[in-house]
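Asker:
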């Protein structure tokens, strides 16, 4: 078994590298850190940036442990046990409507049954994903993004991309709108030996996903950050951010899990946009750039 | 039994009277109506105003019927049956941060078991409530509002106000913030003969609550609408509206019920504010008007 501390330390280093790459790209904003402790054990480093390219972004690291809350044990069908969970979570809301919102999460979870009579081996798994939410879908950028996701998957298993891409389509979905949150990406969970993946191979894959994040987003941000836009684009951005809020508060399991287990509210809700708007029954003109974007927000689009 | 159509017709009239009173108060905005049909049976009239005092407000009437969705039957511990539900739902977001947000819901629900062998009498109940969410808590206004709520309760049963006030405190609560949504009001549900209330008496009470809404809110709006404010107050309003979004999407059972039963999304989410903001870890100065407002956002404040 890889030591859980080794995994946590690697995630912490990933947070550092991503923050550095994003500060360089932004050219102005600097991350502010809040270190926090969890009552039940462990803690984290929440880092927030307010820059010129990234209007509001969070890059959080946490490594928590303790008794597995009963609610979670039930949901995960796990016995009474101690748990350890570590990961990096990112949401970036750019200032420009021409630059996409992005989200990444990579995480590791393990339990240790604390009855010596229980011969069960420890349960462990990796999970995570990256998904992109353009305010305006640009086909070239969507293809670039999905190609990067496919590349990182294919380096480990050619079966990963088709499965994890579909998983993202299903997960990042606003059922009440019949809309996907954005153009998806990859999503995976419970990667472990039951899927025929050794801990080492799963960790290698998650590392590769983590390292793919910064160059992929930096490329998209630099390519689009200086494009012109006006009031109409800012309004549409505020509406799309409203949808982002709806997904995160109504449907996102990570948000619910965090709030249900008395996680640090400000770290969990760093995913909220700086500003969002709601207009009653807003419908973009068919054929407009906004209307075209909406038509891409569906499951099953093959971008690569 | 009072005919369910009689109740629905009364609610429809209430919607008309409230819309008229709000238009008169606003002086500029006019309600726009969308009539809609529900696939499973029934429909409604969604009315939305964008005025000068009310920046974005919705006054919805609906009367729906059909097979009780399995999910709801389970949650309500009801047998397989047909249902009928009618009500009026209101959320008003004023333009000025000096004017409070208000919410009202009054509703009637009944089921009819459709197995002739089943001798069970039809299940019915009334529910509803009014609660106030000031961006800035003004003690005089809070007392006025709660006095109006107490008055309407006391006209029917002196036990109502203490119970329904506590119920509102418990219901309109953001657990993840340890904050109430606003200064509460009254909330009640499952008012029926099991509580020793005849259908006639319950309907009389709900009618009285419904008719209390417009004069109470019009008083508060007219009193505060011309008060001066600046950027700081608009920012605080946007933050408080963000909390309103969090409550409605994370905790509100009505919103979940509506979206789970494939209700009309735009009518359900008319409760969303026109604009909301999120700042990471925003904390008002202790002693500031914003800080004082926060200190009132707790359960158990006795306003009357």
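Residue numbers (this note's numbering), protein chains in the order written: chain A, 1 to 304; chain B, 1001 to 1304.
No residue lacks a Cβ here, since even glycine has one placed at the ideal position from N, Cα and C.
(1) Hey, residue 1247 of chain B and residue 1174 of chain B are a contact pair by Cβ (cut 8 angstroms); roughly how many whole angstroms apart?
(2) So, with DSSP's three-state summary, where would you put residue 168 of chain A?
(3) Measure the Cβ-Cβ separation of residue 33 of chain A and residue 47 of chain A and say whether it is below 8 angstroms.
(4) For the region 24–38 of chain A, enumerate the residues whose C-beta is nearer than 8 angstroms to any C-beta of chain B, in chain order.
(5) Under 8 angstroms, CB to CB, which of the residues in the region 1151–1181 of chain B have a partner in chain A?
(6) Are the CB atoms of residue 183 of chain A and residue 191 of chain A within a distance shorter than 8 angstroms?
(7) List the whole-angstrom C-beta distance separating residue 106 of chain A from residue 206 of chain A, where the pair is believed to meet the contact cut-off of C-beta under 8 angstroms.
(8) Grab the span of the alpha helix (DSSP H) containing residue 1037 of chain B for me, first residue to last.
(9) Any heavy atom of the ligand MN closer than 7 angstroms to the CB of residue 192 of chain A?
(10) So, is residue 1155 of chain B buried or exposed, given that buried needs 16 or more other C-beta atoms within 10 angstroms?
(11) Looking at the unbroken alpha helix (DSSP H) that takes in residue 1295 of chain B, where does it start and where does it end?
(12) At what residues does the beta strand (DSSP E) containing residue 110 of chain A begin and finish?
(13) What does residue 266 of chain A touch in chain B if you count any residue whose Cβ is under 8 angstroms from its own?
(14) Is it buried or exposed, residue 273 of chain A, if we count other Cβ atoms within 10 angstroms and call 16 or more buried?
(15) For the 8 angstroms Cβ check, are there 3 or more pairs between the region 253–272 of chain A and the region 121–132 of chain A?
(16) DSSP three-state call for residue 1248 of chain B: helix, strand or coil?
(17) Within 10 angstroms of the Cβ of residue 143 of chain A, are there 16 or more other Cβ atoms? Answer buried if so, exposed if not.
(18) Examine chain B for any beta-carbon lying closer than 8 angstroms to the beta-carbon of residue 123 of chain A, and answer yes or no.
(19) How is the alpha helix (DSSP H) around residue 1146 of chain B delimited, first residue to last?
(20) Take residue 78 of chain A and list the residues in its own chain whose beta-carbon comes closer than 7 angstroms to its own, dropping the five residues that flank it on each side.
(21) Would residue 214 of chain A pass as an interface residue toward chain B - the criterion being a Cβ-Cβ separation below 8 angstroms?
(22) Across which residues does DSSP place residue 1179 of chain B in a beta bridge pair?
(23) Taking Cβ positions, are residue 1014 of chain B and residue 1088 of chain B nearer each other than 8 angstroms?
(24) May I ask you to verify whether the region 18–28 of chain A touches the region 199–216 of chain A, counting CB pairs closer than 8 angstroms and requiring at least 3?
(25) Could you list which residues in chain A have their beta carbon closer than 7 angstroms to that of residue 1277 of chain B, in chain order?
(26) Work out the CA separation of residue 1151 of chain B and residue 1126 of chain B for me, nearest whole Å.
(27) Does the pairing of the region 92–102 of chain A with the region 49–57 of chain A give three or more beta-carbon distances under 8 angstroms?
(28) Less than 8 angstroms between the beta carbons of residue 171 of chain A and residue 145 of chain A, yes or no?
(29) Starting from the C-beta of residue 85 of chain A, find all residues in its chain whose C-beta is less than 6 angstroms away, skip the five residues before and the five after it, and write them out in chain order.
(30) How long is the line joining the alpha carbons of residue 1223 of chain B and residue 288 of chain A, rounded to whole angstroms?
(31) Since residue 1048 of chain B meets chain A, which of its residues come closer than 7 angstroms, beta carbon to beta carbon?
(32) With the cut-off set at 8 angstroms, would you say residue 1232 of chain B and residue 1276 of chain B are in Cβ contact?
(33) One question on the structure: do residue 244 of chain A and residue 177 of chain A come within less than 8 angstroms of each other, judged by their Cβ atoms?
(34) Below 8 angstroms on the Cβ atoms is my guess for residue 42 of chain A versus residue 61 of chain A; work out the distance and round it to an integer in Å.
(35) What is the DSSP secondary structure of residue 1046 of chain B, reduced to helix, strand or coil?
(36) Under 8 angstroms, Cβ to Cβ, is there at least one residue of chain A near residue 1246 of chain B?
Answerer: Let me spell this out:
(1) 5 angstroms
(2) helix
(3) yes
(4) 34
(5) 1175, 1176, 1177
(6) no
(7) 5 angstroms
(8) Element bounds for residue 1037 of chain B: not the alpha helix (DSSP H) but the beta strand (DSSP E), 1032–1037.
(9) Ligands displayed in this structure: none; no statement on the ligand MN is therefore possible.
(10) exposed
(11) 1289–1296
(12) 101–112
(13) 1280, 1281
(14) buried
(15) no
(16) helix
(17) exposed
(18) no
(19) 1139–1154
(20) 68, 111, 123
(21) no
(22) B:1174
(23) yes
(24) yes
(25) 274, 275
(26) 19 angstroms
(27) yes
(28) no
(29) 64, 109
(30) 44 angstroms
(31) 280
(32) no
(33) no
(34) Residue 42 of chain A to residue 61 of chain A, Cβ: 11 angstroms. No contact.
(35) strand
(36) yes
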